[in-house]
Amino acid sequence: MFKNRQDAGKKLAEALGAYKNARDTIVLGLPRGGVVIGYEVAKALGLPLDIVVPRKIGAPGNPEYAIGAITETGEAIFNEEEVGQVDKEWLKQKMKKEKREAQRRLTIYRPGPSPQVAGKTVILVDDGVATGYTMRAAVASVKARKPVKIVVAVPNGANDSMRELRREVDEVIALEIPDVYFAVGAQYEEFSQISDEEVIELLQKTQSHNPS
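Quick note: the sequence shown uses the numbering used here, first residue -5, plus one each step.
Right, here's the structure in full:
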């Protein structure tokens, strides 16, 4: 259990100490909550911070129930069993909509070009991993950009999802993997909503710390 995202980010940074001031290494946060975590990690480790923007794809009639995720560049991960029960045209339109929304958010959060990650170590961070679809979509997006290493680092995660991620990346760091995982927010004493303005402010702060 963590006090809040700031507390979790500082503790996660301690677990990532081997990457302190590492060359050719970048932290990528998943908005919105993952950027708060990523800011604390990047600040403590002296690393640049940027974002990757996956969007959850919710089930028809139950948008909170994730059946997959898609990124701003179109990489998508699905629960194949669930998707098989969904109307194909609905899914096609939903994917288009969420991809556009991811692109829109990206231009709000960071209007400039994406940083180069080819040949670099990428540390992907979020405030937790429940179904794992958004993080796995982020992994797919980053893999397409040819990094030398991908690390997934989160304060907490569901056991099944973390096991899946270990198959897909070079290293996984999770501070807590509860036996029973209800939701990301349940792992925090305080889990407030993060605004777009807060995300933008944290990214700008990190750029001032790492002007290069």
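For each residue, glycine too, the CB sits at the ideal point set by N, CA and C.
Around the beta-carbon of E66, 16 or more other beta-carbon atoms lie within 10 Å, marking it buried.
In this structure, DSSP gives A16 a state outside helix and strand, which the three-state scheme calls coil.
As summarised for the segment 64 to 144, the continuous alpha helix (DSSP H) elements at least 4 residues long and confined to that stretch are 74 to 77, 82 to 103 and 127 to 137, given in chain order.
Below 8 Å, too few C-beta pairs join the segment 156 to 165 and the segment 176 to 192 to call them touching: fewer than three. Under the DSSP assignment, V166 falls in the beta strand (DSSP E) whose first and last residues are E165 to E170. Taking C-beta separations shorter than 7 Å and ignoring five residues to either side along the sequence, the partners of V148 in its chain run V119, D120, G122, V123 and A168, following chain order. Nearest in C-alpha terms to D44, of all of R26, V166 and G151, is R26. In the DSSP assignment, D44 is bridged to L22. For N153, no pairing in a beta bridge is given by DSSP. Using a Cβ distance threshold of 8 Å, A12 and E69 do not count as a contacting pair. Listed in chain order, the non-local C-beta contacts of A131 below 7 Å within the same chain comprise P48, A63, I64, T65, E69, A70 and I71, local neighbours out to five positions each way being set aside. In the three-state reduction of the DSSP assignment, G52 falls in the strand class, which pools E and B. Annotated three-state conformation of I194 is helix, per DSSP. Inter-segment contact for the segment 13 to 22 and the segment 171 to 186 is absent: fewer than three beta-carbon pairs are separated by less than 8 Å. Ranked by how close their Cα comes to the Cα of V46, the residues L24, V35 and G40 have L24 in first place.
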